Amino acid sequence: MNLKNWKLEREADGITWAILDTANSSTNTLGAEVMTELGLILAECEKNPPRGLIFKSAKEAGFIAGANIEEFTSADTPEKARVLIQRGWDSYNRLAAVRYPTLALVRGHCMGGGTELALACRYRIAVDEPGTKFALPEVMLGIVPGWGGMLRLPQIVGPVAAMDMMLTGKNIDAKRAKKMGLADECVPPRVMDNAARMLVLSGNAPRQDKLPFLQKLMNGPLKAMVASGAKKQVAKRARQEHYPAPYAIIDQWQNYGGNTLAVPADKPTSLDALVKHPTTRNLIRVFFLQDRLKGFGKDARNFSPTRVHVVGAGVMGGDIAAWCVLRGMTVTLQDQNVERIAPAVGRAAKFFEKKLRDKKAARFALDRLIADPKGEGVRQADVIIEAVFENLEAKQKLFADIEARAKPEAVIASNTSSLKLADIAASFKDPSRLVGIHFFNPVAMMPLVEVVAGERTAPEVAQRAAAFVRRIDKLPLPVKDAPGFLVNAVLGPYMNEAMKCVDEGIAPETIDAALVAFGMPMGPIELADTVGLDVAVHAGKQLVGDASPPKKLVELFEAGKLGKKSGQGFYAWVDGKAQKSGVGAGDTAILAQRMLKPLLDATQRLVSEGVVADAELADAGVIFGTGFAPYTGGPMNYRQTVGPV
Amino acid sequence: MKPFEPVYIIDGARSPFLKSRNVPGPFSASDLATIAGRALLARQPFAPEELDEVIVGCAGPSVDEVNIGRVIALRLGCGNKVPGWTVMRNCASGMQALDSAIANIQNGRSQLVLAGGVDALSRTPLLYSDKMVMWFSRMAQARSLGAKLGMFAKLRLGMLLTPVIGIVKGLTDPVVNLMMGQTAENLAWKFGISRQQMDEVSVASHKKVSNAQKAGHFDEIVPLIDANGKVYAEDDGVRHDSSIEGLAKLKPFFDRKYGKITPGNSSQITDGAAWLLLASAEAVEKYKLSPIGKITDTQWAALDPAQMGLGPVHAATPILQRHGLGLNDLDAWEINEAFAAQVMGCVKAWEDPAYCKEELGLDAPLGTLDANKLNIDGGAIALGHPVGASGTRIVLHLLQILRREKKQRGMAAICIGGGQGGAVLVENL
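Taken in sequence, the protein lines are chains A and B. Going by this note's numbering, the first sequence opens with residue 612, and the numbers climb by one from there. Going by this note's numbering, the second sequence opens with residue 85, and the numbers climb by one from there.
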């Protein structure tokens, strides 16, 4: 047997190891050749049944990353998609039916078709390492886990947990996998091989047989109840006309035994309907855009930052510092005195405990966050980020000192959102050293970071800045030094229009509801209240340049009602929540289009002015920087596919 | 004896000393050392990974900080490849760490060493009594349910409620079975030191610390921030309103009723950490460091455990002799204030012809140490004595004083439970 992607090792005791090593790839993916060879392996094992068959990965990176993405994207017609699904569905059914015991030894990422392969085995072992993650992320690409995931996951972990995993696409770590029954064991790497040998020969009943009675009922007679509950949950986050895939998953599990191929083509939950739906195409586009952003910074050579110095321990600076620490950096955090730094340290301590869920790990993280009132960390820092209040003179003075003390190869960056980078750089001895690294609030939640190149910023400095952004697991978007860069420059006119609507007597609730219905994570008025009306007034002057700013905004601002932070803005805020009354009547779609127009216009203008390199990147920036409805594929894509508004 | 090759002090820092409030303090020993140490390392021109080793003096590491020197080195970000170890010489553990670093630098094993000391005395554990330990042991052996239940019948409330107080054990001499305070009573008796005199020295210690705080003379302190964002910026044991009248009200603690030593004229039980960064001449060159001082001699000595407080006399005198110096030829002295009676005893011993002759083999007494040169910014009576940290703190602060006053040379000496003394000769650069 000649295998290009697998290695088959038979041990003397009768255990066979099927070791996946996808050719010409750093990760294991499940392309046609890999799947064909899996068939050969199963045929071979049918002839000479092993005492046990164990699947594992030869790759450093992880177990299996999922489908072959090129094959997957070229399956853009229902016919091609059907072939792709059929292949996986049949292969895994065949694997699940073998008489000898099978086991998946999962170390590192185990995504999509990888998880479905593991589910088709009798046993699963999760190796207890931070990198081990199970997920069925198909829903995020607008499709369904059609290789048996919808069939087997509910039988193994129960339908409620299964729905949660399939409808959100979220990652399940090794410990959680064991706890929910997805993995039979969670073991450290030092005993994983031995554990796999012992478990595959154990004769233990498979998880399916051990599922609690209530869960079995929910997989059987109570299916409809579970499905209706799941539908309600999904409806809170995604409308069916925008995101058909989660609804399809529920329906295919409930009515078709998890078999995508069994759904008649004319049903809205069929494979045919999904493949033809624009959302699917758009979500795949977003996936590739994300990949494109991830590529920035790859050109920066010999730059692997480990020490970061952040100046300004306010909410932004403190959160940037904490995020960098969480991603492994050692961070010195500077402000005028230790009392100003302390609240940021307190916040970081809670953040680490929540994120790391391990006291020792949280302590080690906190050890890497160093209060530095005198700015001593500048000397050793690889990246220096200024996040002080927006005052040109203060920044220039600060940078004069930083430039004098920083290492020659260190990245010197400003997190400014409203000042011109070139003006700040004017005081530099070497203005080509300054770059903008612009984070969004809340730092931990927002994936995008704008990397701003000023007129004189050296290209390699911008590349290093992008490499740093990647290093802390954010998505870098290169932009030019124009007011508001990309994200704020498109949000400004949009929020301005929304506030003008308020001036016209439309209730903020109605406006926000219209945009949430369109697919925004938060309406523009609530967003204004959240960022603060002082910020909104200032940004309005700079970004909209409107001679007559929204009256209500000015009124609230002058009365000191600044939104969420002061407890009152367009809304009253109680316990961090906007108090909303009923939504007015009227066509919300038309209302939404009115506010989207300035956003789309601004995006188009910024593309043509070259603030962002092309339409694709503009779409990526607006989606990952504002949460702009992902099903649209981004504002430029939306305008192009749906038509001008 | 080989000539002493000077070792350079590059920098130093310490945590604030936090008085024990009879509950476990907000920071563990390794927390204190890490927070102070990382700030110190952050301002150096080299990375923590470039240290040759980390040496920590600690008299009472907690059970989850075994070989605390290594724990701290890893927490400081020195990486897997920088060795870390722990030394223990009771009250001089922090000074022993310095001397161990010096020895390794002098014989060429190391070039760049982070050395210091730490203790979190507020976290000293309560221990089970021997009877209780036996009960646990038998319980573990009991197999049947009946046997286990039977064990409960043998459990006495008194066994559970009379734990051994770890700190009392630690501060009791294991050989002569005297509490440290009782050895200080010995000195008071020997040299005729009155309660009034001890209390005066104690008030002076508080006054000096109070004034030094107001003048900003403790800038070696790295403020601590806890996980709730609370700041601990200063030594908090000092009483700005300390008075003779106030101290007179306290009862003798060690020899109850008839003694003179009270908590008020003893050092405080405190949590703290202190560090020095030591380097060879080569390392100074290599990393272009700017040393702030150098250590030009060290000495250890031992004496009767019941007189342990006179350890500084026995350790410092040979250094004076080697360098041909009188007591007042030095610009400043730090003698760790374990007890007022003990520091005063040292001064009196040098004045005492009989003691100098019989114990030190000197023909004439060394004379009177100028009180204005001794513990210029106060000492452990006001600041506290986190056992392992004090030996490093007095060397660090001595250098601070020399630099501030633009003076040349000083001695830091410390008494050691068990009957020893240590001394370090420091020069400003």
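Each residue gets a CB set at the ideal place from its N, CA and C atoms; glycine is no exception. As the structure is a computational prediction, the values presented were derived from the model and not from experiment.
Problem set entry | Residue range of the unbroken beta strand (DSSP E) whose run includes Asp910 of chain A | The continuous stretches of beta strand (DSSP E) do not include Asp910 of chain A, and DSSP gives it neither H nor E.
For this session: Could you please give the first and the last residue of the uninterrupted beta strand (DSSP E) stretch that includes Gln281 of chain B?
Result: No beta strand (DSSP E) contains Gln281 of chain B, which is instead part of the alpha helix (DSSP H) from Arg279 to Lys298.
Exercise. Can you round the beta-carbon distance between Ala737 of chain A and Val717 of chain A to whole angstroms, since I take them to be within the 8 Å contact cut?
Worked result: Cβ-Cβ separation between Ala737 of chain A and Val717 of chain A: approximately 5 Å, consistent with a contact (criterion under 8 Å).
Problem set entry | Reduced DSSP category for Ser1025 of chain A - H, G, I as helix; E, B as strand; rest coil | The DSSP-derived three-state label of Ser1025 of chain A is strand.
Exercise. Counting only beta-carbon atoms, is Lys314 of chain B nearer than 8 Å to chain A?
Worked result: Taking Cβ atoms only, chain A reaches closer than 8 Å to Lys314 of chain B, which makes this a yes.
For this session: Can you say whether Asn893 of chain A is buried or exposed, counting buried as having 16 or more other CB atoms within 10 angstroms of its CB?
Result: Burial call: buried.
Exercise. Which residue's Cα is closest to the Cα of Phe80 of chain B: B:Trp169, B:Leu255 and B:Ala157?
Worked result: Past the boundaries of the shown model lies residue 80 of chain B; chain B is included only from 85 to 513, so the question cannot be answered.
Exercise. Of all Cβ atoms in chain B, is any one closer than 8 Å to the Cβ of Val1060 of chain A?
Worked result: No, Val1060 of chain A does not count as interfacial toward chain B.
Exercise. For Val471 of chain B, which residues from the same chain have a beta carbon less than 6 Å from its beta carbon, with the 5 sequence-adjacent residues on both sides left out?
Worked result: These residues qualify, in order along the chain: Ala143, Cys175 and Asp203.
For this session: Between the Cα of Ile305 of chain B and those of B:Val140, B:Arg227 and B:Leu102, spot the shortest distance and give me the residue it belongs to.
Result: The option with the nearest alpha carbon to Ile305 of chain B is B:Leu102.
Exercise. Any idea if Lys909 of chain A is buried or exposed, counting beta-carbon neighbours within 10 angstroms, 16 or more meaning buried?
Worked result: Answer is exposed; the Cβ neighbour count stays below 16.
Problem set entry | Status (buried if at least 16 other CB within 10 Å, exposed otherwise) for Thr688 of chain A | Counting Cβ neighbours within 10 Å, Thr688 of chain A comes out exposed, since fewer than 16 surround it.
Exercise. Can you give the beta carbon distance from Arg267 of chain B to Asp257 of chain B, rounded, assuming they're within the 8 Å contact cut?
Worked result: Rather than Arg, the amino acid found at residue 267 of chain B in this sequence is Thr. With a contact defined as Cβ atoms closer than 8 Å, Thr267 of chain B and Asp257 of chain B qualify at about 7 Å.
For this session: Look at Leu810 of chain A and Leu706 of chain A and say whether their C-beta atoms are less than 8 Å apart.
Result: Contact flag unset, no.
Exercise. Taking Cβ to Cβ, would you say Asp1258 of chain A is nearer than 8 Å to Arg938 of chain A?
Worked result: A question about residue 1258 of chain A goes unanswered here, because the residues of chain A that appear run from 612 up to 1256.
Exercise. Using the beta-carbon count (16 or more within 10 Å), is Ser915 of chain A buried or exposed?
Worked result: Taking all protein chains shown into account, Ser915 of chain A has fewer than 16 neighbouring C-beta atoms within 10 Å of its C-beta and is therefore exposed.
Exercise. Under 8 Å between the Cβ atoms of Leu1126 of chain A and Ala1147 of chain A?
Worked result: Against a cut-off of 8 Å, the Cβ pair of Ala1147 of chain A and Leu1126 of chain A comes out as no contact.
Exercise. Less than 8 Å separating the beta-carbons of Ala455 of chain B and Ser351 of chain B?
Worked result: No, Cβ-Cβ distance for Ala455 of chain B and Ser351 of chain B is not below 8 Å.
For this session: Have a look at A:Ala1203, A:Lys691, A:Leu1144 and A:Ser668 and flag the residue whose alpha-carbon is nearest the alpha-carbon of Asp883 of chain A.
Result: The residue with the shortest Cα to Cα distance from Asp883 of chain A is A:Lys691.
Exercise. How do the region 104 to 121 of chain B and the region 166 to 184 of chain B stand: do at least 3 beta-carbon pairs fall below 8 Å, yes or no?
Worked result: Segments in contact, no.
For this session: Confirm, please, whether the CB-CB distance from Gly642 of chain A to Cys721 of chain A is below 8 Å.
Result: Taking 8 Å as the Cβ cut-off, Cys721 of chain A and Gly642 of chain A do not qualify as a contacting pair.
Exercise. For Gln991 of chain A, which residues from the same chain have a beta carbon less than 7 Å from its beta carbon, with the 5 sequence-adjacent residues on both sides left out?
Worked result: Counting only Cβ-Cβ distances below 7 Å, and skipping sequence neighbours, we find Arg918.
Exercise. Taking the DSSP output, what are the residues bridged to Cys656 of chain A?
Worked result: Residue pairing of Cys656 of chain A in beta bridges, as defined by DSSP: absent, with no partner found.
Problem set entry | Given Val709 of chain A as reference, the closest of A:Leu664, A:Asp993, A:Asn679 and A:Leu977 once Cα atoms are compared | Answer by Cα proximity: A:Leu664.
Problem set entry | Check whether Gly986 of chain A and Val936 of chain A have beta carbons under 8 Å apart | In this structure, Gly986 of chain A keeps its C-beta atom at 8 Å or more from the C-beta atom of Val936 of chain A.
For this session: Determine, using beta carbons only, whether Lys790 of chain A and Glu796 of chain A come nearer to each other than 8 Å.
Result: Their beta carbons are not under 8 Å apart, which means Lys790 of chain A does not touch Glu796 of chain A by this criterion.
Exercise. Ordered along the chain, which non-local residues of its own chain (more than five positions away) have a Cβ less than 8 Å from that of His290 of chain B?
Worked result: Taking C-beta separations shorter than 8 Å and ignoring five residues to either side along the sequence, the partners of His290 of chain B in its chain run Val322, Arg323, His324, Ser326, Gly462, Ile465 and Ala466, following chain order.
Exercise. With Gly141 of chain B and Ala181 of chain B assumed to form a contact (beta carbons below 8 Å), what rounded beta-carbon distance in angstroms separates them?
Worked result: The distance from the Cβ of Gly141 of chain B to that of Ala181 of chain B is about 4 Å, consistent with a contact at the 8 Å cut-off.
Exercise. What is the DSSP secondary structure of Tyr1182 of chain A, reduced to helix, strand or coil?
Worked result: Of the three classes helix, strand and coil, the one that applies to Tyr1182 of chain A here is coil, per DSSP.
Exercise. Should Ile379 of chain B and Ile93 of chain B be called a contact, given that it needs their Cβ atoms to be closer than 8 Å?
Worked result: Yes.
Exercise. If we count the other Cβ atoms within 10 Å of its Cβ and call it buried at 16 or more, is Asn349 of chain B buried or exposed?
Worked result: With 16 or more Cβ atoms within 10 Å of its Cβ, Asn349 of chain B is classed as buried.
For this session: Taking Trp169 of chain B as the reference, give the member of B:Arg159, B:Gly163, B:Arg154 and B:Lys298 with the closest Cα.
Result: Measuring from the Cα of Trp169 of chain B, the nearest candidate turns out to be B:Arg154.
Exercise. Would Lys344 of chain B pass as a contact of Glu421 of chain B if the rule is Cβ separation under 8 Å?
Worked result: The Cβ-Cβ distance between Lys344 of chain B and Glu421 of chain B does not fall below 8 Å.
Exercise. Which stretch, first to last residue, makes up the beta strand (DSSP E) that contains Asp381 of chain B?
Worked result: Residues Gly377 to Ala386.
Exercise. Taking only beta-carbon atoms, is Gly957 of chain A less than 8 Å away from chain B?
Worked result: Gly957 of chain A counts as touching chain B.
For this session: Specify the secondary structure class of Ala497 of chain B as computed by DSSP and reduced to three states.
Result: Note: Ala497 of chain B maps to strand in three-state DSSP.
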